[in-house]
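As given, the protein sequences belong to chains P and V, one line each in that order.
Using numbering that gives the first Met the number 0, you'd call the opening residue of the first sequence number 0 and step up by one each time.
Using numbering that gives the first Met the number 0, you'd call the opening residue of the second sequence number 0 and step up by one each time.
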Amino acid sequence: MNLDKVSDRGDMASPRKKGIRFSRLYSFSCFRSSFRDEHSQIGLKGYSRVVYCNDPGNQEQILPSYPKNYVSTTKYTALNFIPKSLFEQFRRVANIYFLVVACVSYSPLAPYSAYSVLLPLLLVIGATIGKEAVEDWRRKKQDIEANNRRVKVYDKDRGFLKERWKNLRVGDLVKVHKDEHFPADLLLLSSSYEDGICYVETTNLDGETNLKVKHALDVTCTLNEDNSFEHFKAVIKCEDPNEDLYSFVGTLYYNDKQHPLSLQQLLLRDSKLRNTDYVYGVVVFTDHDTKVMKNSMEPPSKRSKIERKMDKIVYVLFTLLVFVSLVGSFFFGIMTENDIDDDGEMRRWYLRPDQTTAFFDPNNALMAAFLHFLTGLMLYGYLIPISLYVSIEIVKVLQVIFINQDINMYHEETDGPATAKTSNLNEELGLVDTILSDKTGTLTCNSMEFVKCSIAGTAYGRGLTEVERALAKRRGDALDDSEVTSSASLQSDDGMAPGESVKGFNFYDERVLNGQWVNEPHADMIQKFFLVLALCHTAIPEVDEEGKGILYEAESPDEAAFVISARELGFEMYERTQSHISLRELDHESHQKIDRQYELLHVLEFSSSRRRMSVIVRNVEDQLLLLSKGSDSVMLERLSKNSQDFEDVTMEHVKRYAEAGLRTLVLAYRELSKEEFSSWENEFMDAKATVGPDRDALIEAAADKIERDLILLGATAVEDKLQKGVPECIERLEKAGIKIWVITGDKMETAINIGFACSLLREDMEQIVITLDSPEIIELERKGDKEAVAKASRKSIMNQIRQGTLLLSSSGGHFSFLALIIDGKSLSFILSEDLEGPFWQLAVSCSSVICCRSTPKQKALITRLVKKGTGRTTLAIGDGANDVGMLQEADIGVGISGVEGMQAVMASDFAIAQFRFLERLLLVHGHWCYRRISMMVCYFFYKNIAFGFTLFWFEAYASFSGQPAYNDWYMSCYNVFFTSLPVIALGVFDQDVSPRLCLKNPELYQEGIQNMLFSWPRILGWILNGIICSVVVFFFTTSSAVHQAFTGDGRVLDFEAHGVYMYTCVVWAVNCQMALSINYFTWMQHLVIWGSIVVWYAFLLIYGAFPPLFSTTAYQVFVEACGPSPIFWLGTLLAVVSCLLPYVLYRTVQTEFFPMPHDIIQKWQRETSDDRRSKLREKDTLLCK
Amino acid sequence: MNSGTPSSSAAGAGSADSIAPRRNSKRPKYSRFTQQELPACKPILTPKWVIGTFLLVSVIFIPIGVVSLFASRDVVEIVDRYETECIPETLRNDKVGFIQSDRSKTCQRTLRVPKNMKQPIYVYYQLDNFYQNHRRYVKSRSDQQLRNNGSLQDTGPCKPEDNTAGGPIVPCGLIAWSLFNDTYGFTRNNQQLDVNKKGISWKSDREHKFGKNVFPRNFQSGTLKGGATLNPNVSLSEQEDLIVWMRTAALPTFRKLYGKIEVDLQRDDLINVTLENNYNTYSFSGKKKLVLSTTSWLGGKNDFVGIAYLTVGGLCFFLALVFLLIYLIKPRQLGDPSYLSWNRNPSGH
């Protein structure tokens, strides 16, 4: 088929469709349709799929019963919803505990009635299941929409008819039109283009916005009319469904021949047909067999540190529960045993210990004690808050809404609000210790602008880059005003410069612009230089809809910048056909604009391993030109030996550009003689025609042969501008004590300069540089002695680390003044040679670390090591597909929803539009969420302990018999009605410090990094507070109304009224404690806190008014006994105030003498606002006079 | 604590208005709620507030304490512990044997009235070490049966006092079975002092929990006799001793209302009590006391509330003084965020 291609070259004038036969242009990727190793496996395990195309009646097709294309992404079906969702619920240990309790509560073991346990459990589980149901219903609706979309399907008798997606079968022939989505994974048969290519947009799959080219087999290319399928029959044997998006192995049996199939022929579901009128395809995978569905995997679930610690607290509480129950059963056992004395006489005869059950049997007190232990576990189960998990879930969802709604994190240009993809990690945002950041697209805009170039040893371009300005500022140079104003980069600060500014082009130099370059000394070189810019690329010109200008669709922003620059400099590419590129160019001799056509012979594409790209063109003078561009290191070794004298100057420029934070490429060319070209072409075509695994290597080697002895033209410098507000943001994050690591592929100089530009590095910082870029090692490498290299590297790195450590110790541990810069090579060496220990010691002590020259794979590795090495919370931020590993590895992944597509965003936990929003996300939302959740959890434990322990104290006075002090329903409503809403309000709304001050005082963030608010002393303090509260409530209520008359009419306090009395005190105390701990009172807080107390009284009234059969011990208790008793009211006031006194005292002493950061800022806020107010008042009085 | 100071940051407000919303914009809508900028009061524990609060608490608590203490002191209470004295000295070695025997258990006690006592004077019996709040005990009753004549058989929770050979016991259960059966008769100067036993129970119990048409049956007819017997011809709703007893006590030491004496007693009056010491508290070494008490608006005699109020109030006053002194001697520092800077002060907090 390659011969086929060659013969194609002449007849471009196709009658059918003017198209570009990209099969020719893409030397590397489009020729993959050869049998490879995998094809031999077809028919074996893993490769057993057989598809009979266009043969709906075939028995064998029906046999394997591939599913129809009915897609269901729902987690549940109507049938399995109940059992499955229940199962999901009871996978949580806490829920199991409560279920067991509920079951056991039907036995006589239970201290309270079963319903009162079951109801809260049902409520809690019902709420979660309800949430699941709603979410699943949304998915279902999406499914229905997708399943009922229509596509044209071929029917033998009636041609192509519209059919619903869900009715598609494997083997069906479908026709997809422009801008439609593919309904299933299709095998491309042919397209509206004559050579069977089509363009596919895969944004939904991998997030990449550039179009991909798919290519049909040549044998099926011709089947491009509706009526050409009448006799079409084929069989596809291919791999079984799998999740690998980047491979496909199959064989097409067509016309008694076998044809290899690869990914090039596969159109994936959820991608979209673009720039192609229609395609024909055969359905290969349907439903869940499609690659997309196989890929729709849940991202790794992350849990926050707080939640993990919470589990530990639950264990502590569980231990406490067991301990308390043990104590109870111990005493209960003794007392029960004593019920019958040694003589067989009953002691507590009123309990009839002679005729008793196992639960109270004095003759088998051990058993009774054990059974009582179980009862105790249930009774004191209030120590473990059942509703905590649910409340936290609710709170986090609400917090996420606030994060998503924050208008200060909305980016107008990209219409991008902040979005939290998960609600698990809100509070983790307040604990971040280390940020690992990608550079391109994250710190920078990833919109490339051509700013400078060096041609034939002369540097052009007068603009100042941001980095240069930062450099100048650093050196204290006064900026030359005229230079600054002449620079277009000044305008670009505001995002878009008005008027003549062109996106991607920020070049100013009067020597070159407006055709002035023809007067420069090396005009012919300059012309070649621009020619390379205009020809050496894969961009496609598109006349924009208004017909005003030409837009370019390029694979990367760099490439777009080059083509645009060429256009601005007078080399406008306006047409690209399969074999020609047409330019409207300025002739440097005639000074005229003329149209010229270049015949495109070969494109040797860019790849990350080659790091260069070349095109071979034939110009109108019948010259054969090889035009190349590539990275300096690769190009340098390909320049001809007897090259120009300006090589050194150019390299000097390249270095300077890199220092200025620019991305550089070296441009070169070579004239080819006809003989040389044709002999090379033969070799190259042979390589291309090779079948076998070493084909790629052969092609590369062939390409390598022609890309030699190049003549240097110059270098380009493209600026990737810093995003707005990055330096300020980084400065504040550093002030907050967050360490920032930038991981970039840039050269060390570039990285350092970017570091300065975004104030990651400051002049007063000591830089520790670890690199293997020393002359000796390079020399050794050249010799190829690997062992010697390793030895020398080790020595050099050890040495550098030691020096760094020395520097560190001499600076007295003030790590904020140290920066570490390390290159990828040294890093991977360190990681592989277990030098990690000393390195991490050094690295974690530095406030900023820059890893330059690192690969995407290293990013994830570094992230993992930082996470493990420090044990602190790490946050990774990035925007591209290469950051996905890093984002998933880090504790928190933040995606920049910017230009580079959606993949990073999909893999992230939070998505923001700009790096600078990170500041608000962490310092405001992170701090708040951390504070809220930790306060909430502490408080939750407090309130349940305060309640649970009153039960225990009461037990001590009820011979530990397991009788709860309260009515069953009071108990079960405690966590649901009387104390839940204030906690949720705390978790959602509380603010210790206003956002403005959070940002102004980044130091506040230390509370999170040092985990001050959720430290064990603090947690235990709250637990202690709960115990104190329970003691005060129990002893004050019993002592105040112990046995004397409770009311004026002589009646005494009984068991029921005592329960109400105590419970009232607990509800008051717990809610007032909430009011004291809250920092931010809006009407909502007032409503829920005081409302909860009111609800308790209302509950007492309403429940007490039910007939006694239902209300049992609560019947009329409040109306008759408690309400009229002054002791009840006075005692409540007394107990509540006494409960709160220790806390108030503690807080007062603490804020006065050992203030926490937020205390200081709150105070300061108050004082400054007081000052302002008094100043205003003074002003007013002055005005009055 | 503090006056409401609306939050001052309204940064988003201006920009929200200035930019016209584009179609299908994902721009979050501005509202003070979604931007978490609702007007709020932000209480801070400043010394002023702390001192003020403590003072306020003491100002409220001390008078309440004084008033309560006076109320409690106004109550006159006569307590007579009799469980040992009412056993003939010779038999005190085997108290349980005595109480279970058929001997006469009548016992004479003389009480001296320490102060004038205004009527009504409440008569209580006080038991000690009696666990009416024991789980087995509390549960051992049938509310259905007590309320409803038709539910005689509803004796589920009452075991072992649920049935006799003659049918279900009404009222069943351990509580009713162990009904207190000491009785007291009072004379002053050889004049009978009437004890009014009406209205000593809660009204709701009489009217809704104990049926008017439910009569005792087979009560105390089992092999082991617990406490008092009941008149089978009086409906449960009128058996107030039973109703009082069935309202179980919260703590093992408790008083229950026995009746009311509706005459004033004078100081130094001698009251003769003829009591039948029937109830067995000797098995579990419980004390028995007879209590005569007046009430104040606050109820019976208990200094705890008054003393506690005074203590807490005093403590708050003391704390207020301490903080005031600290405030005067060492005036508060300005809240200065520069204290925070961790890199200037590496030791941190």
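Glycine included, C-beta positions come from ideal geometry on N, C-alpha and C.
Which residues, in chain order, does the region 299 to 325 of chain V contribute to contact with chain P at a C-beta distance below 8 Å? Gly299, Lys300, Asn301, Phe303, Val304, Ala307, Tyr308, Val311, Leu314, Cys315, Leu318, Phe322, Ile325
Residues of chain P with CB under 8 Å from V/Val95, in chain order? Position 96 of the second sequence holds residue 95 of chain V. Within chain P, the residues near V/Val95 are Glu344.
Given this structure, state the Cα-to-Cα distance separating P/Met524 from P/Arg566, to the nearest angstrom. Taking the first sequence and counting its residues from 1, the one referred to as residue 524 of chain P is at position 525. Taking the first sequence and counting its residues from 1, the one referred to as residue 566 of chain P is at position 567. Going by the C-alpha atoms only, they are around 17 Å apart.
Comparing the C-beta of V/Phe283 with each C-beta of chain P, is any distance below 7 Å? Numbered from 1 along the second sequence, position 284 holds the residue referred to as residue 283 of chain V. Chain P, which has a Cβ nearer than 7 Å to the Cβ of V/Phe283, makes this yes.
Per DSSP, cross-strand counterpart(s) of P/Glu448: Taking the first residue of the first sequence as position 1, residue 448 of chain P is located at position 449. Looking at the DSSP assignment, P/Glu448 forms a beta bridge with P/Glu718.
Pairwise C-alpha distance: P/Leu980 and P/Arg347: Residue numbering aside, residue 347 of chain P sits at position 348 when the first sequence is read from its first letter. Residue numbering aside, residue 980 of chain P sits at position 981 when the first sequence is read from its first letter. Their Cα atoms are separated by approximately 45 Å.
Going by C-alpha distance, which of P/Leu759, P/Ala750, P/Gln799, P/Ser758 is nearest P/Leu771? As a working note, residue 771 of chain P is residue 772 in the first sequence. The candidate whose alpha carbon is nearest that of P/Leu771 is P/Gln799.
Report buried or exposed for V/Val233, applying the criterion of at least 16 other Cβ atoms within 10 angstroms of its Cβ. Counting from 1 along the second sequence, the entry for residue 233 of chain V is found at position 234. Exposed, because fewer than 16 other Cβ atoms sit within 10 Å of the Cβ of V/Val233.
For V/Leu90, decide whether its Cβ has a neighbour in chain P, counting only Cβ atoms nearer than 7 Å. For the purposes of this step, residue 90 of chain V is taken as the residue at position 91 of the second sequence. Answer no: the Cβ-Cβ gap between V/Leu90 and chain P never drops below 7 Å.
Considering only the beta carbon of each residue, do V/His207 and P/Pro1154 sit closer than 7 Å? In the second sequence, the residue the question calls residue 207 of chain V occupies position 208. In the first sequence, the residue the question calls residue 1154 of chain P occupies position 1155. For V/His207 and P/Pro1154, no; Cβs fall outside 7 Å.
Per-residue burial, P/Glu1002 [other beta carbons within 10 Å of its own, 16 or more giving buried]: As a working note, residue 1002 of chain P is residue 1003 in the first sequence. Looking at its Cβ environment, which holds 16 or more other Cβ atoms inside 10 Å, P/Glu1002 is buried.
Counterpart residues of V/Glu76 in DSSP-defined beta bridges: Residue 76 of chain V sits at position 77 when you count from the first residue of the second sequence. Beta-bridge pairing links V/Glu76 to V/Ser292.
Could you tell me the boundaries of the beta strand (DSSP E) in which P/Lys738 lies? Position 739 of the first sequence holds residue 738 of chain P. Segment 738 to 742, the beta strand (DSSP E) holding P/Lys738.
Please name the residue, chosen from P/Ala659, P/Glu680, P/Tyr573, P/Arg273, that lies closest to P/Lys451 on a Cα-to-Cα basis. Residue mapping note: residue 451 of chain P aligns to position 452 of the first sequence, counting from 1. Nearest in C-alpha terms to P/Lys451, of all of P/Ala659, P/Glu680, P/Tyr573, P/Arg273, is P/Ala659.
Whole-Å CB distance - P/Leu430 paired with P/Ile1008, under 8 Å assumed: As a first step, residue 430 of chain P must be located in the first sequence, where it is residue number 431. As a first step, residue 1008 of chain P must be located in the first sequence, where it is residue number 1009. The pair is a contact, with the Cβ atoms about 7 Å apart (cut-off 8 Å).
Please decide whether V/Tyr183 counts as near chain P, where near means a Cβ-Cβ distance under 7 Å. Here the question's residue 183 of chain V lines up with position 184 in the second sequence. Closer than 7 Å: no.
Whether or not the region 239 to 257 of chain V and the region 159 to 168 of chain V are in contact is what I'm after, with contact meaning three or more pairs of Cβ atoms, one per stretch, closer than 8 Å; do they touch? The region 159 to 168 of chain V, when compared against the region 239 to 257 of chain V, does not touch it at the 8 Å Cβ threshold.
Assign P/Ile1088 to one of two classes, buried (16 or more other C-beta atoms within 10 Å of its C-beta) or exposed (fewer than that). Locating residue 1088 of chain P in the first sequence gives position 1089, where the first residue counts as 1. Its Cβ being crowded by 16 or more others within 10 Å, P/Ile1088 is buried.
Assuming the contact rule is C-beta atoms closer than 8 Å, P/Gly280 and P/Leu267 should be a hit. Round their C-beta distance to whole Å, please. As a working note, residue 280 of chain P is residue 281 in the first sequence. As a working note, residue 267 of chain P is residue 268 in the first sequence. Actually they do not touch by this definition, with Cβ atoms about 11 Å apart.
Should P/Asp135 and P/Val152 be called a contact, given that it needs their Cβ atoms to be closer than 7 Å? Position 136 of the first sequence, counted from the first residue, corresponds to residue 135 of chain P. Position 153 of the first sequence, counted from the first residue, corresponds to residue 152 of chain P. With a cutoff of 7 Å on beta-carbon distance, P/Asp135 and P/Val152 are scored as not near each other.
So if I threshold CB-CB distances at 9 Å, which residues from the region 253 to 284 of chain V count as touching chain P? Phe253, Arg254, Lys255, Leu256, Lys259, Asn279, Ser282, Phe283, Ser284
Is V/Arg111 buried or exposed, if buried means 16 or more other CB atoms sit within 10 Å of its CB? Sequence index remark: in the second sequence, residue 111 of chain V carries index 112 (1-based). So V/Arg111 counts as exposed.
Excluding sequence positions up to five away, which residues of its chain have a Cβ less than 7 Å from the Cβ of P/Lys420? Within the first sequence, numbered from 1, the residue matching residue 420 of chain P stands at position 421. Closer than 7 Å at Cβ, skipping near neighbours: Ser907, Asp908, Phe909, Ala910.
Report the three-state DSSP secondary structure of V/Val169 (helix, strand or coil). Mapped onto the second sequence, residue 169 of chain V falls at position 170. Correct three-state label for V/Val169: strand.
Measure from the C-beta of V/Tyr124 to each C-beta in chain P and report whether the shortest distance is under 7 Å. Here residue 124 of chain V refers to the residue found at position 125 when the second sequence is read from its first residue. No, no contact with chain P.
Taking its Cβ as the centre, do 16 or more other Cβ atoms sit within 10 Å of P/Ala957, making it buried, or is it exposed? Position 958 of the first sequence holds residue 957 of chain P. By the Cβ-count criterion, P/Ala957 is buried, with 16 or more other Cβ atoms from all chains shown falling within 10 Å of its own Cβ.
P/Ala702: which of P/Asp594, P/Ala1134, P/Met612 sits nearest, CA to CA? To locate residue 702 of chain P, count along the first sequence from 1; it is residue 703. The shortest Cα separation from P/Ala702 among P/Asp594, P/Ala1134, P/Met612 belongs to P/Met612.
Out of P/Thr1063, P/Ser1110, P/Asp1048, which has the shortest C-alpha to C-alpha gap to P/Pro1123? Position 1124 of the first sequence, counted from the start, is the residue given in the question as residue 1123 of chain P. Considering only alpha carbons, the answer is P/Asp1048.
Beta carbon of P/Gly925, beta carbon of P/Thr441: below 7 Å? In the first sequence, residue 925 of chain P corresponds to position 926, counting from 1. In the first sequence, residue 441 of chain P corresponds to position 442, counting from 1. Not a contact, by the Cβ cut-off of 7 Å.
Can you look up P/Thr1063 in the DSSP assignment and give me helix, strand or coil? By 1-based counting over the first sequence, the position of residue 1063 of chain P is 1064. Helix.
Taking 8 Å as the threshold, find out whether the region 242 to 260 of chain V comes into contact with the region 1045 to 1062 of chain P through three or more Cβ pairs. Yes: at least three Cβ pairs fall under 8 Å.
So, does the region 311 to 327 of chain V touch the region 50 to 60 of chain V, judging by three or more C-beta pairs under 8 Å? yes
Which parts of the region 717 to 805 of chain P are runs of the beta strand (DSSP E), unbroken and 3 residues or longer, counting only runs that do not cross its ends? 738 to 742, 765 to 769
Backbone secondary structure at P/Val1155 - three-state DSSP: Here residue 1155 of chain P refers to the residue found at position 1156 when the first sequence is read from its first residue. Residue identity check: residue 1155 of chain P is Met in the sequence provided, not Val. P/Met1155: coil per DSSP, three-state reduction.
Kindly say whether V/Leu327, judged by its beta-carbon, lies nearer than 7 Å to any beta-carbon of chain P. For the purposes of this step, residue 327 of chain V is taken as residue 328 along the second sequence, with counting starting at 1. Chain P contact via Cβ: absent.
Helix, strand or coil at P/Thr1167 [DSSP, three-state]: Here the question's residue 1167 of chain P lines up with position 1168 in the first sequence. Three-state DSSP puts P/Thr1167 in a helix.
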